[in-house]
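Take the sequence shown: its position 210, counting from 1, is numbered 216 in the working numbering, and each next residue is one higher.
Glycine included, every Cβ here is placed at the ideal spot set by N, Cα and C.
Step one of this worksheet: look at the structure below.
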Amino acid sequence: MRFRNLTIGQHIPGDSIVHRLDPRTKILGTVLLIVLLFSVDGFVGYAMAGLAIALVIHLSELPWRYVIRGLRPLMVILLLTVGLNLFLTEGEPLFRLWFLTITKQGLVRGLMMGVRLVLLIMGTSLLTLTTSPIQLTDGIETLLSPFRRIGVPAHELAMMMTIALRFIPTLLEETEKIMKAQMARGADFQSGGLMQRAKNLIPLLVPLFVSAFRRADELAIAMEARGYRGGEGRTKFRELRFGRMDAVAMVLSVVYTVVVGVLF
């Protein structure tokens with residue numbers, strides 16, 4: 007079981023058009039993609055959303071293998087999503103598998119849910135792959151800043167969300183190290199059925215939680231040592247600027263989302 011293939015939370019530095027866009031543009035574009043994926047109802051609509059994602063991948067100059075490789079650790083979730091819709095959706099029966107019945111509607115719905123989940127993962131991965139954690143924090147904070155008037159802690163929320171995203175690959179790498187250490191001592195995570203494998207993963211939880219709390223404590227000490235006292239009165243070394251390319255990208259994203267959402 008390898009977790010290093012997961013792309014969510016990782017960042018690849020670059021100088022492409024997508025990398026140079028304002029983080030607020032990329033965040034809003036990702037939100038529009040999510041809205042689009044949950045608005046369309048058919049494979050044509052998903053194909054149009056996939057075309058937009060493919061265009062962004064091409065413009066970002068990211069390797070296709072790396073983006074697609076990020077789906078491997080989530081294959082269990084994909085298969086579970088497709089399987090549940092395949093067997094639990096009522097409709098016209100196609101054939102029986104033991105005591106389970108596969109229906110025509112279940113097959114279509116399962117495939118649609120699987121495609122939606124794949125596109126959702128690829129689209130959200132592009133946000134973190136092309137945006138550094140600092141830019142992501144600044145972008146989220148700026149977008150949430152109007153809600154400060156009603157008591158929303160914009161800076162703290164942005165900081166927590168960015169740290170959570172950034173620590174996903176770190177914790178998965180820590181999990182892999184713990185698994186290898188326990189396998190060297192005779193632990194078995196591969197044999198047995200699905201339930202047995204799930205039970206074998208329970209001994210990973212204690213050392214993983216200990217490691218997570220230790221890293222959180224080290225991060226808090228490091229932030230305090232550098233004088234971090236929250237977002238009040240803080241300035242930024244690099245101010246965000248919404249340029250011409252950001253305006254073009256935002257207009258195209260809104261128009262494309264509305265047209266595809268209405269037509270498909």
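- Taken atom to atom, the span from the alpha-carbon of V24 to that of A170 is near 23 Å.
- Residue burial is scored here from C-beta neighbours: Y234 has fewer than 16 other C-beta atoms within 10 angstroms and is therefore classed as exposed.
- Here DSSP, grouped into helix, strand and coil, assigns L125 to helix.
- At the C-beta level, V50 and F248 stay beyond 8 Å of one another.
- For F101, the enclosing beta strand (DSSP E) has its first and last residue at 99-103.
- In the three-state reduction of the DSSP assignment, I18 falls in the coil class.
- Taken through DSSP and simplified to helix, strand or coil, L27 comes out as coil.
- For I108, the enclosing beta strand (DSSP E) begins and ends at 106-109.
- Counted as a single uninterrupted DSSP element, the alpha helix (DSSP H) harbouring R221 occupies residues 211-231.
- The alpha-carbon separation between E179 and T137 amounts to approximately 21 Å.
- C-alpha of L34 to C-alpha of R102: approximately 44 Å in a straight line.
- If you draw a 10 Å sphere on the C-beta of A60, you find fewer than 16 other C-beta atoms in it, and that means exposed.
- Here DSSP, grouped into helix, strand and coil, assigns L65 to helix.
- Taking L94 as the centre and dropping the five residues before and after it, the same chain places the C-beta of G112 closer than 8 Å to its C-beta, in chain order.
- V158 sits in coil when the DSSP states are folded into three classes, being neither helix nor strand.
- Counting C-beta atoms within 10 angstroms of its own C-beta, M185 has 16 or more neighbours from the protein chains shown and is therefore classed as buried.
- Per DSSP, reduced to three states, the secondary structure at T143 is helical.
- Contact between L133 and T263 does not hold, since their C-beta atoms are separated by about 16 Å, which reaches or exceeds 8 Å.
- Within a 10 Å sphere around the beta-carbon of A255 sit 16 or more other beta-carbons, which makes this residue buried.
- The residue among T109, E98, R78 with its C-alpha nearest the C-alpha of L90 is T109.
- The beta carbon of L77 is closer than 8 Å to those of L84, V124, I127, M128 in its chain, skipping five residues each way along the sequence.
- Shown here for R71: not one same chain residue has a beta carbon closer than 6 Å to its own, the five before and five after excluded.
- The beta carbon of P139 lies closer than 6 Å to those of T168, R172 in the same chain, with the five residues before and after it left out.
- In summary, I63 is buried, with 16 or more beta-carbon neighbours lying within 10 Å of its beta-carbon over all protein chains present.
- Taking H17 as reference, the option from V46, E147, V73 with the minimal CA-CA separation is V73.
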